[in-house]
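Peer 1: Residue numbers (this note's numbering), protein chains in the order written: chain Y, 83 to 306; chain U, 83 to 306.
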DNA sequence: GTAGAATTTTAGGCGAGGCTAAGATTGACG
DNA sequence: CGTCAATCTTAGCCTCGCCTAAAATTCTAC
Ligand SMILES: [Mn+2]
Ligand SMILES: [Mn+2]
Ligand SMILES: [Mn+2]
Ligand SMILES: [Mn+2]
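1) Tell me where the alpha helix (DSSP H) around residue 98(Y) begins and ends.
2) Within 7 Å: the Cβ of residue 212(U) and any heavy atom of ligand 4?
3) Is residue 163(Y) close to chain U? Criterion is C-beta to C-beta, closer than 8 Å.
4) Please report the Cβ distance between residue 138(Y) and residue 169(Y), rounded to the nearest whole angstrom; I am assuming they are in contact, meaning their Cβ atoms lie under 8 Å.
5) Does the beta carbon of residue 200(U) sit closer than 8 Å to a beta carbon anywhere in chain Y?
6) Measuring CB to CB, does residue 267(U) end up less than 8 Å from residue 289(U)?
7) Please work out which residues of its chain come closer than 7 Å, Cβ to Cβ, to residue 212(U), disregarding the five sequence neighbours upstream and downstream, and give them in chain order.
8) Going by DSSP, what residue range makes up the beta strand (DSSP E) through residue 175(Y)?
9) Shorter than 8 Å from the beta carbon of residue 169(Y) to some beta carbon of chain U?
10) So, are the CB atoms of residue 185(U) and residue 174(U) less than 8 Å apart?
11) So if DSSP puts residue 195(Y) in a beta bridge, which residue, or which two residues, is it bridged to?
12) When you compare the region 130-145 of chain Y with the region 92-102 of chain Y, are there three or more beta-carbon pairs, one atom per stretch, that lie closer than 8 Å?
13) Which parts of the region 116-180 of chain U are runs of the alpha helix (DSSP H), unbroken and 4 residues or longer, counting only runs that do not cross its ends?
14) Anything in the region 204-236 of chain U with a Cβ closer than 7 Å to a Cβ of chain Y? List those residues in chain order, please.
15) Taking 7 Å as the line, does the beta carbon of residue 190(Y) fall inside it for any heavy atom of ligand 1?
16) Does any residue of chain Y have a CB that is nearer than 8 Å to the CB of residue 177(U)?
17) Would you say the beta carbon of residue 98(U) comes nearer than 7 Å to a heavy atom of ligand 4?
18) Can you tell me whether residue 95(Y) sits near ligand 1, meaning its C-beta is under 7 Å from at least one heavy atom of the ligand?
19) Answer with buried or exposed for residue 282(U), where buried requires no fewer than 16 other C-beta atoms within 10 angstroms of its C-beta.
20) Can you pull the chain U neighbours of residue 185(Y), defined as C-beta to C-beta under 7 Å?
21) Any idea which residues DSSP pairs residue 242(Y) with across the strands?
22) For a cutoff of 8 Å on Cβ pairs, would you count residue 93(U) as touching chain Y?
23) Using a Cβ cut-off of 8 Å (strictly closer), state whether residue 189(U) contacts chain Y.
24) Can residue 118(Y) be considered in contact with ligand 1, in the sense that its beta carbon sits closer than 7 Å to one or more heavy atoms?
25) Is there contact here, the region 100-119 of chain U with the region 146-161 of chain U, by at least three beta-carbon pairs under 8 Å?
26) Report yes or no: do three or more beta-carbon pairs, one from the region 221-230 of chain Y and one from the region 185-203 of chain Y, lie closer than 8 Å?
27) Need the endpoints of the alpha helix (DSSP H) that residue 253(U) sits in, please.
28) Rank 156(Y), 155(Y), 203(Y) by C-alpha distance to the C-alpha of residue 166(Y) and give the top, closest one.
29) From 188(U), 240(U), 122(U), 251(U), pick the residue whose C-alpha is nearest to that of residue 210(U); which is it?
30) Give me the chain Y residues within the contact set of residue 174(U), using Cβ-Cβ distance strictly less than 8 Å, ordered along the chain.
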C-alpha cells in the first residue's frame with residue numbers, strides 16, 4: 083500500500099491519466115493510456131502491474147482497469163493539485179490558456195499539500211479549473227457532449243475534456259471556451275461535424291472534437 | 083553536450099549543488115555533495131562521471147570539481163528558477179520562510195523558462211531571494227562572514243548561505259534574517275561562538291552557523 | 001464458429017541513479 | 001619519510017521505467 087508522499091512522478095502521471103479516462107466515462111485501456119502518456123502499450127502493461135502491486139488499481143491481465151478506493155483518493159489529490167496549479171498559472175501568472183495544462187502537468191508533482199492549500203486560499207477556493215473541470219467534488223454531472231446536444235436550443239460550454247494546446251488554441255479561436263453561449267444549428271450526416279452558432283458566427287466542429295466538448299442548457303443564474 | 087530541456091532532475095540537482103558550493107567559495111567535494119544531496123559518496127562519483135561526459139563539469143578522478151562554462155550557464159538558470167520560485171512562494175503564497183527553500187527545490191525542475199519569466203514579471207524583477215541571494219548576476223560581493231566581522235560596528239545581515247528549515251527557523255527566532263541590524267559584541271575563545279547584539283538582545287551564535295551568515299556594513303541608502 | 005485484426009502481454013534489454021563493500025589515493029602528522 | 005585516517009573510486013548489484021520483437025488473447029466479421 084502506497085503512502086501519499088512516496089509516489090514517483092511516473093506513478094502519479096498514470097493515476098492521473100486513469101482518473102481522466104474514468105471521469106470522461108471512457109474505460110481506460112492499455113492503448114488509450116499509452117497514447118495519452120506517449121509511451122508504448124508494453125510500458126503501460128508494466129506499470130499497470132506495478133500499480134496493482136501497490137494496491138492502487140484493480141486489474142488482471144486482459145481485464146478492466148479500475149482505480150481502487152486508495153488509488154482513487156490519490157488520483158483525486160493529484161488532479162486537484164493539477165487544477166489548482168492551472169488556476170495559479172492562468173489567474174496570477176497570466177500564462178496563455180493553451181499552455182496552462184502542460185505546465186501544470188509538471189508542476190502538480192512538485193506541489194506539497196501545504197502549498198496546494200495555500201494556492202486554494204490565495205485564489206479563494208476556486209471551483210473550476212480554467213478548462214471547466216471541477217477542482218474538488220465531482221458533483222453530479224448534468225452536462226452532455228456537444229455531439230449529443232439538441233438543435234436550436236441555447237447552450238453553454240461547461241468544460242473541455244481535451245486540454246491539449248492545439249485543441250485549446252483552436253477552440254479559443256472559435257470562441258468555444260467554457261461559458262461561451264452557442265446553439266447547434268445542424269449536424270452533417272455520416273461522420274460529419276456539428277454546425278454551431280457562437281457569437282453570431284457559424285463553425286463546423288468535427289465529430290471527434292465535438293465529443294470532447296461538454297455543454298449544458300444555461301442555468302438561469304449564469305446570465306450575468 | 084547537454085541541451086537545456088533535456089536534463090534530468092537529478093542532473094539539475096547536482097549542478098545546483100555544485101554551483102552553491104562554488105558560490106559559497108567552498109570547493110565542492112564528493113563527500114560535501116553527498117551530504118548536501120543525501121546520497122552516498124559512491125553515488126556522487128557516478129554522477130560526476132556522467133556530468134563530465136555531458137561536458138558540464140571539468141573533473142578527473144581524485145581531482146577538483148569545477149563547472150564548465152556550459153555547466154555554469156545551466157546551473158545559473160536552475161538557481162534562478164529556484165530563487166524566483168522562492169519569491170513566488172514567499173511573497174504571493176505566504177509560505178513560511180523556513181519551508182520556502184525545500185518547496186522551491188522541487189518546483190525549480192518543473193518551471194519552464196516561460197513561466198519563470200512570468201514570475202519575474204509578476205514580481206517586478208526581484209533582485210534577491212528571500213534568503214538574500216541574488217537572483218540574476220552574481221555582482222561583486224562586499225559581504226563578509228559573521229565569523230570574520232569586526233566587533234562593535236554596525237552590521238546588516240545580507241544573506242543566509244544555509245537555507246535549511248532548522249537553520250532558517252532558528253535564525254528567524256534570533257531575528258537574524260536578511261536586513262537585520264546587529265553588532266558583534268564578543269567572540270568566545272577556542273571554538274566558541276560569536277556574541278551578537280540584535281534588536282537590543284544578545285545571543286551567541288556557534289562558529290559553524292556564524293560562518294554561514296554573510297553580513298556587511300550598512301549601506302547609507304538602506305537606512306529606511 | 002472461425003479467420004483475421006486488434007489489443008494486450010511477455011521476454012529480453014537498456015540507461016539512470018541509487019546502494020554496499022572493498023580497494024585506491026591522498027594527505028596529515030609523528 | 002612512513003603510517004594511518006580520511007577521502008574517493010571501483011565493482012557489483014538493485015529498482016524504476018522505458019524500449020522492441022514476439023507471443024498470447026480477445027474481438028469482429030463473416
Ligand atoms: Mn501530469
Ligand atoms: Mn484543466
Ligand atoms: Mn533543487
Ligand atoms: Mn533562497
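The C-beta atom is built at its ideal place from N, Cα and C for all residues, glycine as well. Quantities reported herein were computed from a predicted structural model and do not represent experimental measurements.
Peer 2: According to the structure shown:
1) For the purposes of this step, residue 98(Y) is taken as residue 16 along the first chain, with counting starting at 1. Counted as a single uninterrupted DSSP element, the alpha helix (DSSP H) harbouring residue 98(Y) occupies residues 91-105.
2) For the purposes of this step, residue 212(U) is taken as residue 130 along the second chain, with counting starting at 1. Correct: residue 212(U) has its Cβ closer than 7 Å to ligand 4.
3) Looking up residue 163(Y) in the first chain gives position 81. So, not an interface residue.
4) On the first chain, position 56 is the one that residue 138(Y) refers to. On the first chain, position 87 is the one that residue 169(Y) refers to. A Cβ-Cβ separation of about 26 Å leaves residue 138(Y) out of contact with residue 169(Y) under the 8 Å criterion.
5) Working through the second chain from its first residue, we reach residue 200(U) at position 118. For residue 200(U), a Cβ of chain Y is located within less than 8 Å of the residue's own Cβ.
6) Reading the second chain from its first residue, position 185 is the one you call residue 267(U). Reading the second chain from its first residue, position 207 is the one you call residue 289(U). No, these two residues do not count as a Cβ contact at 8 Å.
7) To locate residue 212(U), count along the second chain from 1; it is residue 130. For residue 212(U), where only same-chain residues beyond five positions count, the Cβ hits under 7 Å are 168, 169, 172, 179, 182.
8) Here the question's residue 175(Y) lines up with position 93 in the first chain. Note, residue 175(Y): premise wrong, no beta strand (DSSP E); not H, not E.
9) Taking the first residue of the first chain as position 1, residue 169(Y) is located at position 87. Cβ-Cβ to chain U under 8 Å: no for residue 169(Y).
10) Translated into the one-based positions of the second chain, residue 185(U) becomes position 103. Translated into the one-based positions of the second chain, residue 174(U) becomes position 92. No, the pair does not count as a contact, with Cβ atoms beyond the cut-off.
11) Against the first chain, residue 195(Y) aligns to sequence position 113. Per DSSP, none; premise fails for residue 195(Y).
12) With a cut-off of 8 Å, the region 92-102 of chain Y and the region 130-145 of chain Y count as touching, because enough Cβ pairs lie within range.
13) Taken in chain order, the whole alpha helix (DSSP H) runs of length 4 or more contained in the region 116-180 of chain U are 123-135, 151-169.
14) Answer set for the region 204-236 of chain U: 204.
15) Taking the first residue of the first chain as 1, we reach residue 190(Y) at position 108. It does: the Cβ of residue 190(Y) is within 7 Å (strictly closer) of some heavy atom of ligand 1.
16) The residue labelled residue 177(U) in the question sits at position 95 within the second chain. Cβ-Cβ to chain Y under 8 Å: yes for residue 177(U).
17) Locating residue 98(U) in the second chain gives position 16, counting from the first residue. Not so, every heavy atom of ligand 4 lies at least 7 Å from the Cβ.
18) Residue mapping note: residue 95(Y) aligns to position 13 of the first chain, counting from 1. Yes.
19) Here the question's residue 282(U) lines up with position 200 in the second chain. By the neighbour-count rule (16 or more Cβ atoms within 10 Å), residue 282(U) is not buried but exposed.
20) The count along the first chain starts at 1 and reaches residue 185(Y) at position 103. At a C-beta separation below 7 Å, residue 185(Y) has these neighbours in chain U: 194, 197.
21) In the first chain, residue 242(Y) corresponds to position 160, counting from 1. DSSP output for residue 242(Y) lists 295(Y) as bridge partner(s).
22) The residue you call residue 93(U) lines up with position 11 of the second chain. Under the Cβ distance rule, residue 93(U) does not count among the residues neighbouring chain Y, no pair being separated by less than 8 Å.
23) Indexing the second chain from 1 puts residue 189(U) at position 107. Closer than 8 Å: yes.
24) As a working mapping, residue 118(Y) is identified with position 36 in the first chain. Outside the cutoff, so no.
25) As far as the Cβ criterion goes, the region 100-119 of chain U touches the region 146-161 of chain U, which means the pair count is three or higher.
26) No, they do not touch.
27) The residue given as residue 253(U) occupies position 171 in the second chain. Note, residue 253(U): alpha helix (DSSP H), 247-255.
28) Mapped onto the first chain, residue 166(Y) falls at position 84. Ranking the options by Cα distance to residue 166(Y), first place goes to 203(Y).
29) Taking the first residue of the second chain as 1, we reach residue 210(U) at position 128. With distances taken between Cα atoms, residue 210(U) lies closest to 240(U).
30) As a working note, residue 174(U) is residue 92 in the second chain. Going along chain Y in sequence order, the residues near residue 174(U) (Cβ under 8 Å) are 174, 204.
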